[in-house]
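Undergrad:
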Amino acid sequence: MQARRSRTEHWRDSLGEVKARGGTIECTLDGEEGGLTWRLRVWGLSEECLVVEAPTAFGHPLILDPGVRMRGTIAIGQNRWDFSTEVLSSRGDTLHLKAPSRVRRRRRVARTDLGPCPSGLKLRPLPSGVTGAAAERAWVALASGGETADPALVRPVAAPPISVQLANIGVGGVGVIFEASDAALAMRRGGWWIEGDLPGGGTLVASAELVHRHLQSDRRLYAGLSFRIGAGQRQRRHLSKLVEEAAKRLQYSAA
Numbered sequence: 000m001q002a003r004r005s006r007t008e009h010w011r012d013s014l015g016e017v018k019a020r021g022g023t024i025e026c027t028l029d030g031e032e033g034g035l036t037w038r039l040r041v042w043g044l045s046e047e048c049l050v051v052e053a054p055t056a057f058g059h060p061l062i063l064d065p066g067v068r069m070r071g072t073i074a075i076g077q078n079r080w081d082f083s084t085e086v087l088s089s090r091g092d093t094l095h096l097k098a099p100s101r102v103r104r105r106r107r108v109a110r111t112d113l114g115p116c117p118s119g120l121k122l123r124p125l126p127s128g129v130t131g132a133a134a135e136r137a138w139v140a141l142a143s144g145g146e147t148a149d150p151a152l153v154r155p156v157a158a159p160p161i162s163v164q165l166a167n168i169g170v171g172g173v174g175v176i177f178e179a180s181d182a183a184l185a186m187r188r189g190g191w192w193i194e195g196d197l198p199g200g201g202t203l204v205a206s207a208e209l210v211h212r213h214l215q216s217d218r219r220l221y222a223g224l225s226f227r228i229g230a231g232q233r234q235r236r237h238l239s240k241l242v243e244e245a246a247k248r249l250q251y252s253a254a
């Protein structure tokens, strides 16, 4: 408890650690129908300003207006601290945010941890030229066609699949486990195409970006993937509903 309290009081040191290791923080732009979250690399910190890389949409930097309010999250291990901030300026590939005056420790992370999932998920590496629009068309086709739609007909990639175990899922992404024999494949940069059945029902079809990973003691590799969300809110609402329904089914089955 003392270590957690110390990090809360000395949050600047924690941000310094993140910057030193080339790490990222989460920056969320909240809206009435949900938010948009980016994981942004920390470039600098002063008394007045926090400098991070600019958020992007399909590889293009987004320009945010001065005064726009955002929510930041610092993650170290399993612990997370939230803070409020606002945009000072957007300059090309950097975003200047108002340095927070304080942080608060998050008590609960909104995700669902799962036991072993027999069907697992299938991952395929996305070619660099594939945009989020292609992935969005795929899930729209599946959502519109229901069980009759075949993801193989609309998926934007033909690479052979890699089987992974689903460890946790949230509206923002999934945590998966690569077997030791496939761990090296998780070191590649770029996007991934995800397909698979969720525990209790529901089919997940999405594209995602690998944002963090660590090697486990059994030499399998845990990887966190963040969903690539289209410009509209429809896909976000679809994923949100899918996650909520999966969580409900899991709760009912455990009752």
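Quick note, in our numbering, the sequence shown goes up one by one and the last residue is 254. For every residue, glycine included, the Cβ atom is placed at its ideal position computed from N, Cα and C.
1. May I ask you to report which of helix, strand or coil DSSP gives R20?
2. Whole angstroms is fine: what's the gap from V17's alpha carbon to I62's?
3. With a Cβ-Cβ cutoff of 7 Å, do G190 and L224 count as a contact?
4. Return the Cβ separation of A158 and R123 in integer angstroms, given the expectation that the two are a contact with Cβ distance under 8 Å.
5. Pull up the distance between the alpha-carbon of N78 and that of T72, whole angstroms please.
6. To the nearest angstrom, how far is it from the Cα of D64 to the Cα of R70?
7. How big is the Cα-Cα spacing for D181 and E25?
8. Going by beta carbon distance, what residues of the same chain come within less than 8 Å of L44, once the five residues before and after it are set aside?
9. Is any heavy atom of the ligand SAM found at a distance shorter than 6 Å from the C-beta of L87?
10. Judging by CA-CA distance, which residue of G66, L87, L94 and S88 is the nearest neighbour of R38?
11. Taking DSSP's pairing of strands, which residues face R79 in a bridge?
12. Checking 7 Å against the spacing of the C-beta atoms, do L165 and L209 come in under that value?
13. Enumerate, from N- to C-terminal direction, the unbroken beta strand (DSSP E) stretches of 3 or more residues contained entirely within the stretch 154–226.
14. Determine the burial state of K240: buried for a count of at least 16 other Cβ atoms within 10 Å of its Cβ, exposed for fewer.
15. Output needed for L87: all residues of its chain with C-beta closer than 7 Å, excluding positions within five of it in sequence on either side, in chain order.
16. For P54 and W192, what's the separation of their Cα atoms in angstroms?
17. In three-state DSSP terms, what is W104?
18. Output yes or no for whether 7 Å exceeds the beta carbon distance between L178 and R219.
19. Give me whichever residues DSSP pairs with R90 in a beta bridge.
TA: Result, derived from the coordinates:
1. coil
2. 24 Å
3. no
4. 5 Å
5. 10 Å
6. 15 Å
7. 28 Å
8. R11, L14, G15, K18, V50 and A98
9. As presented, the structure is devoid of all ligands, the ligand SAM included, so that no description of it is given.
10. L94
11. A74
12. no
13. 161–169, 172–177, 190–196, 202–214 and 220–226
14. exposed
15. C48, P65, H95, L96 and K97
16. 21 Å
17. Residue 104 is actually Arg in this sequence, not Trp. Three-state DSSP puts R104 in a strand.
18. The residue asked about is misnamed: residue 178 is Glu in this sequence, not Leu. Yes, they are a contact pair.
19. T93
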